[in-house]
Each structure stands twice: as structure tokens, then as C-alpha cells.
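J.: Top to bottom, those sequences are chains A and B. Taken in order, the first sequence gives residues 12 to 300; the numbers are from this note's numbering. Taken in order, the second sequence gives residues -6 to 637; the numbers are from this note's numbering.
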Amino acid sequence: MTAVQERRAVAVATGVAAPPTARRRRPIALSVGAVLVGGWVLIAAFWPYLAPYDPQRQHPTLRFAAPSGAHWLGTDQFGRDTFSRMLAGARPVLEIAPLATGLALIAGTLIGLLAGTCGRWVDELIMRVLDAVLVFPAIIASILFVAMLGRSVTVLVLVIGLAFVPIVTRSVRAATLVERQQPYVEAALLRGEPLWSLMLREILPNISRTVLVEATSRLGDAIFAAATLSFIGLGQQPGSPDWGASVSDNRAYLQNAPWTVLSPALAIASLVIGVALVADSLRARLDAR
Amino acid sequence: MTGLLVDGLRVSFDTRRGPVHVVDDVSLDVPRGATLGVVGESGSGKTTFGRALARHLPSNGRVLDGHISVDGTDVLALSPRDLRAWRARELAVVHQEAGATLDPSMRVGAQLAEVLGQQDVARDARRDRVRDLLSAVRLPDPDAIARRYPHELSGGQQQRVVIAAVLAARPSLVILDEPTTGLDASVEAEILALLEDLRRDLDATLVLISHDLGLVGQICDEVVVLYAGQVVERGAAADVLTTPRHPYTAALLASAPTFGVPRRQRRLLAIAGTPPDPAAPPPGCRFAPRCAFADDTCRADSPPARVVDGRTVRCHHAELLDLTATARPGADAPVPRPGSLLQLNGLTRRYGSLAVVDDVTLDIAPGEVFGLVGESGSGKTTLARAVMGIGPRPRSGTMRLSGNALAPVLRRRGRAVLRRMQMVFQQPDTTLNPSHRVRTVLARALETLDGTDSVETLAARAQLDAALLDARSTDLSGGQKQRVAIARAFAGSPDLVVCDEPVSALDVSVQAGVLEVLADERDRTGTSYLFISHDLAVIGYLADRVGVMYRGQLVEVGATDDVLSGPHHPYTAALVLAAQRRERRRSATPPAQAAIATGCRFAARCPHHLGDVCAEQPPPLRTVAEGHQVRCHLPIDQLPKGTA
Chain A
12 MTAVQERRAV AVATGVAAPP TARRRRPIAL SVGAVLVGGW VLIAAFWPYL
62 APYDPQRQHP TLRFAAPSGA HWLGTDQFGR DTFSRMLAGA RPVLEIAPLA
112 TGLALIAGTL IGLLAGTCGR WVDELIMRVL DAVLVFPAII ASILFVAMLG
162 RSVTVLVLVI GLAFVPIVTR SVRAATLVER QQPYVEAALL RGEPLWSLML
212 REILPNISRT VLVEATSRLG DAIFAAATLS FIGLGQQPGS PDWGASVSDN
262 RAYLQNAPWT VLSPALAIAS LVIGVALVAD SLRARLDAR
Chain B
-6 MTGLLVDGLR VSFDTRRGPV HVVDDVSLDV PRGATLGVVG ESGSGKTTFG
44 RALARHLPSN GRVLDGHISV DGTDVLALSP RDLRAWRARE LAVVHQEAGA
94 TLDPSMRVGA QLAEVLGQQD VARDARRDRV RDLLSAVRLP DPDAIARRYP
144 HELSGGQQQR VVIAAVLAAR PSLVILDEPT TGLDASVEAE ILALLEDLRR
194 DLDATLVLIS HDLGLVGQIC DEVVVLYAGQ VVERGAAADV LTTPRHPYTA
244 ALLASAPTFG VPRRQRRLLA IAGTPPDPAA PPPGCRFAPR CAFADDTCRA
294 DSPPARVVDG RTVRCHHAEL LDLTATARPG ADAPVPRPGS LLQLNGLTRR
344 YGSLAVVDDV TLDIAPGEVF GLVGESGSGK TTLARAVMGI GPRPRSGTMR
394 LSGNALAPVL RRRGRAVLRR MQMVFQQPDT TLNPSHRVRT VLARALETLD
444 GTDSVETLAA RAQLDAALLD ARSTDLSGGQ KQRVAIARAF AGSPDLVVCD
494 EPVSALDVSV QAGVLEVLAD ERDRTGTSYL FISHDLAVIG YLADRVGVMY
544 RGQLVEVGAT DDVLSGPHHP YTAALVLAAQ RRERRRSATP PAQAAIATGC
594 RFAARCPHHL GDVCAEQPPP LRTVAEGHQV RCHLPIDQLP KGTA
């Protein structure tokens, strides 16, 4: 008899299951994530005071300068300071991503609550419409939207936000359906609470964890989406220090001047990782409760 | 020394607020072959005590002090390796949730064979032994059962398999932690009978942990009563449970409804207050703050355990107290008014092709408490939900409220109808919105149901402390939550309140308080109840009339006394028997997943089976007496009579 079998046999005979192990908190992950995110937020707000050079100023004599004491992360094809451009590039991303996440969250939560609370044909209708939206490739949709409406922060926020609405809706609906079965909701139905009251007063406070976890997860995705859109040229005006655009502009020079690509790429990665670390710790903490 | 010996056991849990003593100075000895009952409310430390015996505490639990010996083995001194061997050979634990004990991915027979492997039973002999074991626990068709997976068995069958595993392991100590809680009365009776056999065959020490005094009284030789981690009374079960010497034991007994004793005869007495915070127990006797007899000595000095009247009691005044004074005389219940409040006619509700509620016809008078009993799956909850307008579609039959047609779905009922009908749910933990404060819950109910009382009055009527109004509902105890739920239901002066097992998730002492709140509300407002319970004692205590449901059908309906004392339906007789003596049922094994026969649904389990007529023809509804009807083929004079 193998050890595993033996253990199982003992468990059957004695009815003793493994004791629940205390959930490990991850303070390190949380603090690293918080430092990364917080750092980039501060940089986005105060980069004009932190950047050693004007990110747009060109130096025809200093093209592709390697990292040095004067230019910590070197310069690009126009002799612009890569480090300053990296700092300045934080702002567009951190404007677009949180706004887009907020939009997705508000719309997704309301629609998800509505679908989950009403049930029946309302639910069916909403979910089928969202399925149809999800089937449509997000990138192509974005290109169409930007082509129609032109480039602006508002359009980017709308495009990214709307693309995430179905995802938020699904999570919120699933959580709502669970709460919907609870006697406290039935009690509210039995005393004739109106629909909005059921949704916002009774159910919403109890699915706030789901909404919070969605918020952090979608924020990470939105940062990535913003960078992607600007990489394929749908973001800010050409020449802006935006990270996605910088990677795109300099990718031809990857072999000769890798710093021009690596700096914005690592900036994106660190911000996304920071958000993901915060999201994971938050989720673990909420689950443990 | 054989048997179980526990001396000065102290167990603490490390919490954020520091160590909490959950088991405090527990000493006892039980000879081998005897059965010890451990009773107490939730939070009394009884489960922790059981886990300490198995040396299986949660990771933050520690045995601070004390000694546990089983047949001379010092359990606390065993090395991890020896402990494992000891558990495998000498210990068995039966939990409340049998389904969680069994491996869901292994066939039942294979799991039992593994246990036999531990006992060095030869491989080729195991199959026969497995069959023997499964028939020893009276499972029908052992070979078929052995091939099933745990999820293919009912809760009662799973518990039998676990007991078979205990038999296979031949341990010297068996810990039974609420083994029948959650099982139906008739199934419980069968499991109990099995446990008694087990005890006879096994020559092991049994420790039965339960909140159920009746259960403990029936199969235990000795009993310890735990309160706040301490043994307050210990002695022979027959003595402790009939002539208690500790006020807490007496109060527990006075708070449990007795089968066949209605509220008119003797009112339940709830124990005031709540058990102490284990992190900060009161300085003197731990029961003093809730004790009717406490004086300054009790509040100042912790009483020692003393031998009084043949048992160990932890009370300063054990000799002097006249505990019979805790009984409370009966109450005059208002008589139901003439007329009809709720009328169900041929009500049917289906899940797919299965009729969960099948052609139910009944009438509830204004001011009447109509009790509905039946095992789980009998359709009583579905019936209640159908009345409230929630639950499954395919529906037929009609409902009337005060003569006016009642829409089958909630959405089609007007506000006036909503206000007249309210519901109290079973699970205290989910009945209140966890994000709301008590005040919010009650205020919403008053607003939506057009209540005229203030939140404070409403709370006071449910005997809720006004200080609790600003507590979050998650911070309340189970009994407090149910009181809030009752207060909420009564916010708009309803005519009918449907109570779906409102006390079955509560401790006995708390149960009494909630039942009394319900009874008081009825006395004051003349509201009718459709009161659902699986517990005949509770039904008998409160109900004016009783309906008995079996597999979706109402098999009997009549005045409470008539139904309980008989002549009654054979199924009612089985329930009554289980409630009265919790005695083994006469019928042998229940049938394997009996299909719904064309005839009587109870035929396959019925000890009065008449032959083919029962299996093939639907039984007639016979009128035994005015307002007392039984759905049975037996002639009225042959229906089983009560043994009361």
C-alpha cells in the first residue's frame, strides 16, 4: 500500500481531514506593487520637475547617444533624452487607463447587476448582446472607432472602457446571481423593494469584493491596452513621449540603440506588474476574510 | 487502566487578541465499552474537546495542560509517527458531514477495503468483508452500494458507510461529532440504532458530542455538560438528564420542547443572555450572569468541581437549589377564528417532471398555527415558497387569501397582498443583508410594508436589545439574527407569516427564546403561521393543526392532538415513534432509492403494508374524525394508534 493510499485510509477510518492552513498574507508583494504603482503615479503628476531635459527637445548632434552621466538612459534618433521621455510617457497611460477602467466598472457593474437581478429574458438579452460584442475583435473595433472619431484621450478612454464592459459585466452578473439566491434578497422581494433598491441597496454592497478585484485586474489590462493602441499608432499624436509609441518609433533601432526600446518597454512592464501585485494581494486578502 | 481518562485538560487558541481558553480544566473517565455524551451549546468547547482527544487541533490550537489516556496510551506524549499509527489503529471519528469524510473520487467499497488493508486483512478476503460490513450497517444490496461513489448515496447512507469504516477499523475510541445533525428524524432513528449496535459489537469507548439532549439521553451511559469550556455537571446520563443539579443543565432541559407537550401545558424557558466571551470569561462562576439563582458568591468566586448527589457539579449551591422551579406553566393560546385565511386547492409545483408538491389541498384559519412536518425532500419548503409566490414554475392549483384569488407569482401580487404575507427563513446567517445594520433592516421593512411602529418598538417586541440596533447584522448571534428576521416579518402587521424551519439551525437554549417570540407575536396580533419543521416536538409545542407531508403529498392533516396521538398514517406513526423514543424502526432496511410507485408513496417503507393494493393503487383520503384526514388504504380502525 502506498503512502498516499495509507493516508487516505487513515483519513477514512479516523475522519480526520487536514487542518485548514492559515492563509499566508503577502505583505512583500503588496508593498512592492504599491511602490511601483505609487512611484509611477507620482512621476506622471510631477515629471516636469523630475525630468532632467525637455522630452521633446531634439539634439541633432547627439543622436543615439549611449547611456552616460549626462543622459542616464541615452538618447534616441532625434537626440531626445530617453530618460526624460520615459518619465513624461507615464502621464498619458495613467490618464487613459484609470478613466477607461472607471468607465468599464461603472457600466459593467450596472449592467451586470441588472442582468443578474432581473434574470429571465432581460438577463438573456443582455448576455447575448455582450457575447456579440465580445466576438468582434477588439483591435479592429478600436481601429474603426479611432478612424471614425479621431484621436483623443476621450476616444481612447471610450474605446478601452467599452471593450472591458462585457468582462466586468460577466463577473458582476455571476456574483449577483449568487447573492440573488440568498434569503435576504428574497425577503426584500417579498416586501416589494423596487428593482433599483434591490440592485444598489441590497446586492451591490455585498458584491463589492468582486467589483474591487475587477477594478484592479481591469486597470492592469487597461494600461496594456493603452500601450498597445499607441504602439499601433492609434494613441497620441506622433512624436509624443508615450510608451507604446516610443517602443513603436524605435523598434527599428533595437540592435544599435536597445535603450530606446527597452526603457519604455520596461516602464510598461513595471507598471503592469505593480498593478498585478496589488491586485493579487488584494484578492488574497479579501478571500481570506 | 482501560477506557478513556482525561485529567485537567486545558486547550487554548492563539488569536489576535491573545490566547483564548476554549477547554478549561476538563477531567473525566469512561470505562471501555461505555458511551460518554458531551453536551453543550455552540461555543461551549465540545468540538474542540473532541478534536483534542484525537490530538487534531487547528494550527492555532494548543493543549496547555492535562493528560489524555486511552487504554493506557498517553495520547499527548506520542511522537508524530506513533500518533499516526495510533490514530490508524485505535481511533475513529464520525463527523456531521459524512459526505466530506469520504473520498469523492473513490468507490465506497474501495475505501472500505483500504481500511481493511490497514487491519492486515488479506487482499482476496477484503471483498467479502466489505460486503459483510455494508450489510452490518443495514445498507440494502451491499454489492451495488460498494460500487457506488459517495455522491451517489444519500446523507444517511453516507453516514452508514462511515460507520462501516469504523467497524472495519475496530478502534478503541470512537468520537462521534454530531453524527445525526442534518439527517431526518426517521433516518436519525436508524443511525442511532446502528450506533447502539456498534457499541455492543465493538467494545470501544464512544464519545458522542451533541447539542441534542434527547439523543445523548438515549444512548449514553455518562454525560458531561460543558459550559464555556468547563464541565459544569458530570454523571450518569439517567441522573443528570432527569434530576439535574446544575442550574445550567436544568435550564437547558427546560428550554427544549418535549414531544407531546404543547405550549398550553408548559411554556419553554429560554436561558437569558448569551454565553460569555471566551477571551474574557466572568470572574466567578461562568454561568452566573445568566443564572436565576446567582448571588454574590457566585459572581465573585469560581466554584470548584464537587461531588453532589452522585455526580460532579461545578456550582456553589448545588445541594440547596430547587431546580424544579425553572418549569413555567402553560399559556392560554388564542383560539383560531372562524373562516379561512389561506386556502390551497390542488396546489402542484414541478421541477421538470417531478411533482415536488403534488395536489396539496389545505385551509388555514385566521389566527391559526398550521404546522407542516416531513423529512427533507418532502416538498414542505417548496410548498411554503409557492405560497409566497417564489419557486418553480410548471404550476397548477389555486391559492386564495381571505377568499380572493392569490396570484401564483410574486410580481403579480399587489402591495396590499405583499404586506399581508411575510416569511421567516431557515438560515440565520443569510436571512439578513450582511452589509446592513439592524436599524436599516427594520427601517426598510417598516417603510416598504407601511408599518406604523417605530424601529425601537419593533425590536422590543422581538425582545431585541435596543443596543443591538446599530450593530451590523454579521455581528449578531444566530438567535439574535432570527429575532431581527421575525421583527422584520412583523413590520407591517401581516395576516400570515410563513416560517420555514425558523429554529432548526439554532441551539436549544436559543431556540426556546425564538419560539416564544413567535408565540407571543401570534398571541398579540392574531397572525396565522404556516410553520414548517422536521421536529415533531417543536410542531407539537406550537401548532393548532398539523399536516404531514411525504414525497410531495399531504398524507395526513388534522388537529395536533389527533395527529400525534393517532390513529394516524403509518408514516406519521414512524415519525412519532422516532420522536418519542428515538427507537429503532420496526421495518428492516429502507428500500434502495424506491421509485415513486403508482400507489402509495410510503408503501415500500410501510410496516403496515397490505400487499399489492398499496403498491399499485393511490390510497384514498379517509376522514378519521371531524377535520382529521389520512391518505391510506388501511381501514380507519386498523390505522396505527399512538403509544403515548
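Every residue gets a Cβ at the ideal spot worked out from N, C-alpha and C, and that includes glycine. None of the values given here were measured: they were computed from a predicted structure.
(1) Output the distance between the C-alpha atoms of residue 130 of chain A and residue 111 of chain A, rounded to the nearest integer angstrom.
(2) Just to confirm the assignment: which complete beta strand (DSSP E) runs, minimum length 3, are found wholly within the region 49 to 113 of chain B?
(3) Smallest Cα separation from residue 102 of chain A: which of A:263, A:296, A:295 and A:238?
(4) Any C-beta of chain A within less than 7 Å: which residues of the region 390 to 419 of chain B qualify?
(5) Under 8 Å, Cβ to Cβ, is there at least one residue of chain A near residue 426 of chain B?
(6) With DSSP as the reference, label residue 266 of chain A as helix, strand or coil.
(7) Run through chain B and tell me which residues come within less than 7 Å of residue 135 of chain A, C-beta to C-beta.
(8) Flag this pair as yes or no: are the beta carbons of residue 494 of chain B and residue 526 of chain B separated by less than 8 Å?
(9) If you count every other CB in all the chains shown that lies within 10 Å of the CB of residue 207 of chain A, and 16 or more means buried, which is it?
(10) Which whole-angstrom value describes the C-beta separation of residue 179 of chain B and residue 567 of chain B, a residue pair presumed to lie in contact below a C-beta threshold of 8 Å?
(11) Among all the DSSP beta bridges, which residues are the ones paired with residue 546 of chain B?
(12) Taking Cβ positions only, does residue 442 of chain B come closer than 8 Å to chain A?
(13) For the 8 Å Cβ check, are there 3 or more pairs between the region 258 to 272 of chain B and the region 504 to 512 of chain B?
(14) Using only CA atoms, which one of A:147, A:244 and A:97 lies nearest to residue 63 of chain A?
(15) Compute the beta-carbon to beta-carbon distance between residue 272 of chain B and residue 13 of chain B, rounded to the nearest angstrom, for a pair I have assumed lies under 8 Å.
(16) Can you give me, in chain order, the residues of the region 165 to 193 of chain A that have a beta carbon less than 7 Å from any beta carbon in chain B?
(17) At a CB distance below 8 Å, what residues from the region 432 to 465 of chain B approach chain A? Give them in sequence order.
(18) Where residue 611 of chain B and residue 377 of chain B are concerned, what is the direct C-alpha to C-alpha distance, given to the nearest angstrom?
(19) Should residue 296 of chain A be flagged as near chain B, meaning a C-beta pair shorter than 8 Å?
(20) I need the DSSP call for residue 398 of chain B, collapsed to helix, strand or coil.
(21) What's the C-alpha gap between residue 433 of chain B and residue 212 of chain A?
(22) Here's a check: name, in chain order, each residue in its chain whose Cβ is nearer than 7 Å to the Cβ of residue 201 of chain A, leaving out the five neighbours to either side.
(23) Can you pull the chain A residues whose beta carbon is under 8 Å from the beta carbon of residue 28 of chain B, in chain order?
(24) Starting from residue 426 of chain B, trace the beta strand (DSSP E) both ways and give me its first and last residue.
(25) Among B:615, B:222 and B:625, which one has its Cα closest to the Cα of residue 609 of chain B?
(26) Does the distance from the CB of residue 133 of chain A to the CB of residue 121 of chain A come in under 8 Å?
(27) In the DSSP assignment, find the unbroken alpha helix (DSSP H) run with residue 223 of chain B in it and report its ends.
(28) Does at least one heavy atom of the ligand FMN sit under 7 Å from the Cβ of residue 562 of chain B?
(29) Under a Cβ-count criterion, where at least 16 other Cβ atoms within 10 Å of its own Cβ denotes burial, should residue 21 of chain A be classed as buried or exposed?
(30) Distance, Cα to Cα, residue 274 of chain A vs residue 216 of chain A?
(31) Using 8 Å as the limit for Cβ to Cβ distance, is residue 217 of chain A near chain B?
(32) What in chain B is Cβ-close to residue 246 of chain A, meaning under 9 Å?
(33) Using a C-beta to C-beta distance shorter than 8 Å, which residues of chain A count as neighbours of residue 383 of chain B?
(34) Give the DSSP-derived three-state secondary structure of residue 328 of chain B in the structure shown.
(35) Considering only residues of the same chain and omitting the five flanking positions on each side of residue 474 of chain B, which have a CB-CB separation below 8 Å?
(36) Quick one: what's got a C-beta closer than 7 Å to residue 28 of chain B's C-beta in the same chain, skipping five residues either side?
T.: By the coordinates alone:
(1) In the first sequence, residue 130 of chain A corresponds to position 119, counting from 1. In the first sequence, residue 111 of chain A corresponds to position 100, counting from 1. Computed Cα separation, rounded: 28 Å.
(2) Fully enclosed beta strand (DSSP E) runs of 3 or longer: 54 to 63 and 84 to 87.
(3) For the purposes of this step, residue 102 of chain A is taken as the residue at position 91 of the first sequence. With distances taken between Cα atoms, residue 102 of chain A lies closest to A:238.
(4) Cβ contacts with chain A come from 403, 408, 411, 415, 416 and 418.
(5) Reading the second sequence from its first residue, position 433 is the one you call residue 426 of chain B. So yes, residue 426 of chain B belongs to the interface.
(6) For the purposes of this step, residue 266 of chain A is taken as residue 255 along the first sequence, with counting starting at 1. For residue 266 of chain A, the secondary structure class from DSSP, reduced to helix, strand or coil, is coil.
(7) To locate residue 135 of chain A, count along the first sequence from 1; it is residue 124. Result: empty, since nearest Cβ-Cβ is about 16 Å, beyond 7 Å.
(8) Taking the first residue of the second sequence as 1, we reach residue 494 of chain B at position 501. Taking the first residue of the second sequence as 1, we reach residue 526 of chain B at position 533. In this structure, residue 526 of chain B lies closer than 8 Å to residue 494 of chain B by Cβ.
(9) Taking the first residue of the first sequence as 1, we reach residue 207 of chain A at position 196. Per the 10 Å Cβ criterion, exposed.
(10) Here residue 179 of chain B refers to the residue found at position 186 when the second sequence is read from its first residue. Here residue 567 of chain B refers to the residue found at position 574 when the second sequence is read from its first residue. Between residue 567 of chain B and residue 179 of chain B the Cβ distance is about 5 Å, and since that is below 8 Å, they are a contact.
(11) By 1-based counting over the second sequence, the position of residue 546 of chain B is 553. In DSSP, residue 546 of chain B forms a bridge with B:543.
(12) For this step, residue 442 of chain B is matched to residue 449 along the second sequence. Closer than 8 Å to the CB of residue 442 of chain B there is at least one CB belonging to chain A.
(13) yes
(14) Reading the first sequence from its first residue, position 52 is the one you call residue 63 of chain A. Nearest option by C-alpha distance: A:97.
(15) As a first step, residue 272 of chain B is located in the second sequence; it is residue number 279 there, counting from the start. As a first step, residue 13 of chain B is located in the second sequence; it is residue number 20 there, counting from the start. The pair is a contact, with the Cβ atoms about 5 Å apart (cut-off 8 Å).
(16) 193
(17) 437, 438, 441 and 442
(18) The count along the second sequence starts at 1 and reaches residue 611 of chain B at position 618. The count along the second sequence starts at 1 and reaches residue 377 of chain B at position 384. One C-alpha to the other measures close to 25 Å.
(19) Translated into positions along the first sequence, residue 296 of chain A becomes position 285. With 8 Å as the cut-off, residue 296 of chain A does not count as an interface residue toward chain B.
(20) To locate residue 398 of chain B, count along the second sequence from 1; it is residue 405. DSSP places residue 398 of chain B in strand when its eight states are reduced to three.
(21) The sequence position of residue 433 of chain B within the second sequence is 440, counting from 1. The sequence position of residue 212 of chain A within the first sequence is 201, counting from 1. Spanning the two alpha carbons is a distance of roughly 10 Å.
(22) Counting from one through the first sequence, the residue named residue 201 of chain A turns up at place 190. No residues qualify anywhere along the chain.
(23) Indexing the second sequence from 1 puts residue 28 of chain B at position 35. Those within 8 Å of residue 28 of chain B in chain A number zero; the least Cβ separation is about 18 Å.
(24) Indexing the second sequence from 1 puts residue 426 of chain B at position 433. No beta strand (DSSP E) contains residue 426 of chain B, which DSSP labels as neither H nor E.
(25) The count along the second sequence starts at 1 and reaches residue 609 of chain B at position 616. For residue 609 of chain B, the closest of B:615, B:222 and B:625 by C-alpha to C-alpha distance is B:625.
(26) Counted from its first residue, the first sequence places residue 133 of chain A at position 122. Counted from its first residue, the first sequence places residue 121 of chain A at position 110. Cβ distance not < 8 Å, so residue 133 of chain A and residue 121 of chain A don't count as in contact.
(27) Within the second sequence, numbered from 1, the residue matching residue 223 of chain B stands at position 230. Segment 223 to 229 is the beta strand (DSSP E) holding residue 223 of chain B; no alpha helix (DSSP H) there.
(28) Among the components modelled here there is no ligand, and therefore nothing to report on the ligand FMN.
(29) The count along the first sequence starts at 1 and reaches residue 21 of chain A at position 10. Summary for residue 21 of chain A: the model assigns pLDDT 44, below 50, so the residue's position carries little reliability; its value from the coordinates is reported in the next sentence. Counting Cβ neighbours within 10 Å, residue 21 of chain A comes out buried, since at least 16 surround it.
(30) Looking up residue 274 of chain A in the first sequence gives position 263. Looking up residue 216 of chain A in the first sequence gives position 205. If I take the Cα positions, the gap works out to 42 Å.
(31) Within the first sequence, residue 217 of chain A is the residue found at index 206, counting from 1. Chain B, which has a Cβ nearer than 8 Å to the Cβ of residue 217 of chain A, makes this yes.
(32) For the purposes of this step, residue 246 of chain A is identified with residue 235 of the first sequence, where counting begins at 1. By Cβ distance, chain B contributes nothing, its closest Cβ being about 40 Å from residue 246 of chain A, past 9 Å.
(33) Against the second sequence, residue 383 of chain B aligns to sequence position 390. Neighbours of residue 383 of chain B in chain A, taken as residues at a C-beta separation under 8 Å, are given in chain order as 197, 200 and 201.
(34) As a position in the second sequence, residue 328 of chain B is number 335, starting the count at 1. In the structure shown, residue 328 of chain B sits in coil (DSSP, three-state: anything other than H, G, I, E or B).
(35) The sequence position of residue 474 of chain B within the second sequence is 481, counting from 1. Excluding residues within five positions, the ones whose Cβ falls inside 8 Å are 421, 422, 424, 425 and 466.
(36) Here residue 28 of chain B refers to the residue found at position 35 of the second sequence. If we look at residue 28 of chain B and ignore the five residues flanking it on each side, its Cβ neighbours are 192, 199, 201, 212, 213 and 214.
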